[in-house]
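Here the structure comes first, spelled out in structure tokens, and everything after it is commentary.
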Amino acid sequence: MALSTKSLIQWAESIRSMFKMEESATKGNELAKSNADKPAKQASDSKAENSEEANEATEEAEMSLSDRMEQDKQKFPGAKEWAKEEERLFEIFYLRQDIPILPPHWSIDLRGFPLTDHIFQTSKDYPPVIYSHSETMSGQFAATHVLSQLIDLTLAVRTLIESENLLSPTNQRTARRRVAKLIKARLDKTLGWAARDGSYDKLKIIPNIIVEVVEAPEEEARVVAYMTARIRALAMLQREHLRVDRSDDFWTSTEPRLMRPKRITNKSLTGRIRAGMKRSLESTRSTPDLVDDDTTIMSPDSPATVHDTEYRSLKRRQIASPGSSDDELTEVDGFGDLSTPYRVAPKSTTTPPRTPASPEFRRKPPVVYGLYILGTNVFVLTLDSSKGDAGIVSFQVHVDFFDKNQSVWNALTLAVPICAARDELMSRLEDFSPLPAEEEFDPDA
Numbered sequence: 020m021a022l023s024t025k026s027l028i029q030w031a032e033s034i035r036s037m038f039k040m041e042e043s044a045t046k047g048n049e050l051a052k053s054n055a056d057k058p059a060k061q062a063s064d065s066k067a068e069n070s071e072e073a074n075e076a077t078e079e080a081e082m083s084l085s086d087r088m089e090q091d092k093q094k095f096p097g098a099k100e101w102a103k104e105e106e107r108l109f110e111i112f113y114l115r116q117d118i119p120i121l122p123p124h125w126s127i128d129l130r131g132f133p134l135t136d137h138i139f140q141t142s143k144d145y146p147p148v149i150y151s152h153s154e155t156m157s158g159q160f161a162a163t164h165v166l167s168q169l170i171d172l173t174l175a176v177r178t179l180i181e182s183e184n185l186l187s188p189t190n191q192r193t194a195r196r197r198v199a200k201l202i203k204a205r206l207d208k209t210l211g212w213a214a215r216d217g218s219y220d221k222l223k224i225i226p227n228i229i230v231e232v233v234e235a236p237e238e239e240a241r242v243v244a245y246m247t248a249r250i251r252a253l254a255m256l257q258r259e260h261l262r263v264d265r266s267d268d269f270w271t272s273t274e275p276r277l278m279r280p281k282r283i284t285n286k287s288l289t290g291r292i293r294a295g296m297k298r299s300l301e302s303t304r305s306t307p308d309l310v311d312d313d314t315t316i317m318s319p320d321s322p323a324t325v326h327d328t329e330y331r332s333l334k335r336r337q338i339a340s341p342g343s344s345d346d347e348l349t350e351v352d353g354f355g356d357l358s359t360p361y362r363v364a365p366k367s368t369t370t371p372p373r374t375p376a377s378p379e380f381r382r383k384p385p386v387v388y389g390l391y392i393l394g395t396n397v398f399v400l401t402l403d404s405s406k407g408d409a410g411i412v413s414f415q416v417h418v419d420f421f422d423k424n425q426s427v428w429n430a431l432t433l434a435v436p437i438c439a440a441r442d443e444l445m446s447r448l449e450d451f452s453p454l455p456a457e458e459e460f461d462p463d464a
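Heads up: the sequence shown begins at 20 in this note's numbering, then just goes up one per residue.
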């Protein structure tokens, strides 16, 4: 049962195609069309072509899995310049049905789900991709519990949809909003677990992953532009936070909070975002408001701005696939030239000269992740923030929580970037200071 006249699945595929570089038709389709158009006198040539195609198909079948993966990776424009984290994410997604992903002892807690044995066959040579850093039984159970809830999310979404009367457009819109809110709440809870597991739930952090709801407008290009602008804004925050000459009022102007979705209302949060703005980015137009939903933060004054040229170059710049509501992507002074690559500051007792055109960083700005919810679909995007505006927003994959046959893979697919983001933050806990006592994360709030 579709949520709207235009199927959300078609929406998802259409949006994916906008990230995907234009490719010619498959060789098989070209061959079929060619055979249909050619006169009978060219039958011998067609046979030769068929034979050649058959040989190529045989060679492709004989390729190893890794060779096929490398071949497919080359279809992604900019793949050669991916950060190692982006490349690893692509490889995990590509091989996720063939590699061990979960710790062996998790099989006990997850025995009620249709998981194959090889998923748990991790070892020192093949460490788990999704796991907990906790050494306690309660910590391990918390991890399997949150993963179980992600697996159950597909059933919950389908139950919600099928319980609605979707004959009227109003009911369809209401159902979309309820589904998106349900998915976001479950992903926010998973991010909360990751923060506790990574021991940064009581630190004032700059998030490296966001979860947002996107309401579909009339044009898919606006959805793509919005998602692109938001993840670029997050990357911008990472660069500003890691600058050696970071603005003194950085924290007062951004107030980034990640893990307290139930403590702050959307109204008060949006007000703080706007109040904390210092100036808008130099641009000629703002990204249109795409969301009429209380689960997503929207601000016309936010850095979610896109130039007309970015609209026209989306197909060339994006690549295809085989946060909580408290993620404040606000702007502060002193971003400098964001199109320049990063430079790690040298360890020296003397103060290096200030170079606004090429800012120096205390460490390399990380890869950031965006999980964008559109109806029953979640899109996974990545961006190497160290590359500034030259970085390519990568459309890694999308999952559909209306597909009853993908409940396990939907959960595992989204858990992978969440764990990757957690591990990156854990590697630099010294970059963050403790939250004031009244702002500490309260899982029961």
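For every residue, glycine included, the Cβ atom is placed at its ideal position computed from N, Cα and C.
Hey, would you say residue i sits closer than 8 Å to residue j, going by beta carbons?
i: VAL176; j: LEU201; result: yes
i: LEU222; j: LEU402; result: no
i: ILE437; j: ILE225; result: no
i: ARG197; j: LEU179; result: yes
i: GLU154; j: ALA439; result: no
i: ARG381; j: LEU256; result: no
i: ILE138; j: LEU114; result: no
i: LYS203; j: ILE392; result: yes
i: SER426; j: LEU174; result: yes
i: TYR219; j: PHE451; result: yes
i: ARG241; j: SER404; result: no
With a threshold of 16 other CB atoms inside 10 Å of the CB of residue i, please say whether the residue is buried or exposed.
i: ARG87; result: exposed
i: GLY394; result: buried
i: GLY389; result: buried
i: GLY131; result: exposed
i: GLN191; result: buried
i: ASN424; result: exposed
i: ILE292; result: Legend: pLDDT at ILE292 = 33, less than 50; position of this residue unreliable, no value from coordinates given.
i: LYS143; result: exposed
i: LYS99; result: exposed
i: THR189; result: exposed
i: GLU239; result: buried
i: ALA456; result: exposed
i: THR247; result: buried
Based on Cα-Cα distance, which residue from the options lies nearest to residue i?
i: VAL412; options: ALA254, ASP136, GLN93 and ARG107; result: ALA254
i: SER167; options: GLU231, ALA240 and THR209; result: THR209
i: HIS417; options: PHE112, THR193 and GLU104; result: PHE112
i: LEU172; options: ASP450, SER151, LEU84 and ASN429; result: ASN429
i: LEU129; options: GLU231, ARG441 and THR163; result: THR163
i: LEU108; options: LEU206, ALA434 and ARG265; result: ALA434
i: LEU169; options: LEU206, TYR219, THR247 and TYR150; result: LEU206
i: LEU400; options: GLU231, LEU256 and ASP267; result: GLU231
i: PHE160; options: SER405, SER126 and LYS94; result: SER126
i: MET156; options: THR135, ASP408, GLY410 and HIS124; result: HIS124
i: ASP442; options: GLY97, ASP136, HIS152 and GLN90; result: HIS152
i: ALA252; options: ARG265, ASP91, SER182 and ASP408; result: ASP408
i: PRO384; options: ASN396, ASP422 and SER446; result: SER446
i: ARG215; options: GLU110, GLY158 and THR271; result: GLY158
i: GLY211; options: VAL165, SER182, VAL243 and ALA199; result: VAL165
i: LYS469; options: ASP91, GLY97 and GLU89; result: What is shown of the chain runs 20 to 464, which leaves residue 469 out entirely.
i: GLY410; options: THR271, PHE269 and ILE250; result: ILE250
Could you round the C-beta distance between residue i and residue j to whole angstroms and report it? I think they count as a contact, below 8 Å.
i: THR141; j: PRO133; result: Wrong, their Cβ atoms sit about 19 Å apart, outside the cutoff.
i: LEU444; j: GLY217; result: 6 Å
i: ALA213; j: VAL386; result: Not confirmed; about 16 Å, so no contact.
i: THR263; j: GLU379; result: A small fix is needed here, since residue 263 is Val in this sequence, not Thr. So it is a contact: roughly 5 Å between Cβ atoms.
i: PHE414; j: PHE398; result: 7 Å
i: TYR150; j: ILE118; result: Their Cβ separation, rounded to whole angstroms, is 14 Å, which puts TYR150 and ILE118 out of contact at 8 Å.
Secondary structure, beta strand (DSSP E): runs of 3+ residues fully inside the segment 228–252: 228–232
Segments of 3+ residues assigned as beta strand (DSSP E) that fall wholly inside the segment 410–463: 413–419
Whole runs of the alpha helix (DSSP H) within the segment 119–175, excluding any shorter than 4 residues: 125–128
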